[in-house]
Amino acid sequence: MRDPASKYDLTSTENLLNRNISNQGDKLNASIRELRTSIKEQSESIATLSKPLIDQRRQFCKEIAEEIALNNRIERDRAKEQRSDKIGKWMVILMTTVIIILTVFKLHIESL
């Protein structure tokens, strides 16, 4: 293709530029593919490295949950024991009071 205002034929220059642009596009596509592959490999590497940390976190959470459950059981048992002690003390007081009342009543009846 000849530029009417120019005495030079621009066809070879256009072809050269088109080929250069095409080569640059191919290089860019190849670089993008390499970058995607690298990102994928890094993601897999991160997943592999983070798996032990995730497992440790799960184990730690499990240990904490078990410790909390144990503490809750201990606290519940202690509260139950305290209630039993209080009930036992009240029963002793009640029985002692009943015995005293019955003794006084018996003495009163005998004195009549």
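Under the UniProt record's numbering, the sequence shown has 81 at position 81, and the numbering climbs by one with no breaks. A virtual CB, placed ideally from N, CA and C, is assigned to each residue, including glycine.
In the DSSP annotation of this structure, the continuous segment of the alpha helix (DSSP H) that includes Leu-107 starts and ends at 11-111. Straight-line measurement puts the Cα of Thr-48 at about 27 Å from the Cα of Ala-30.
Put simply, the backbone Cα of Phe-60 is about 20 Å away from that of Arg-73.
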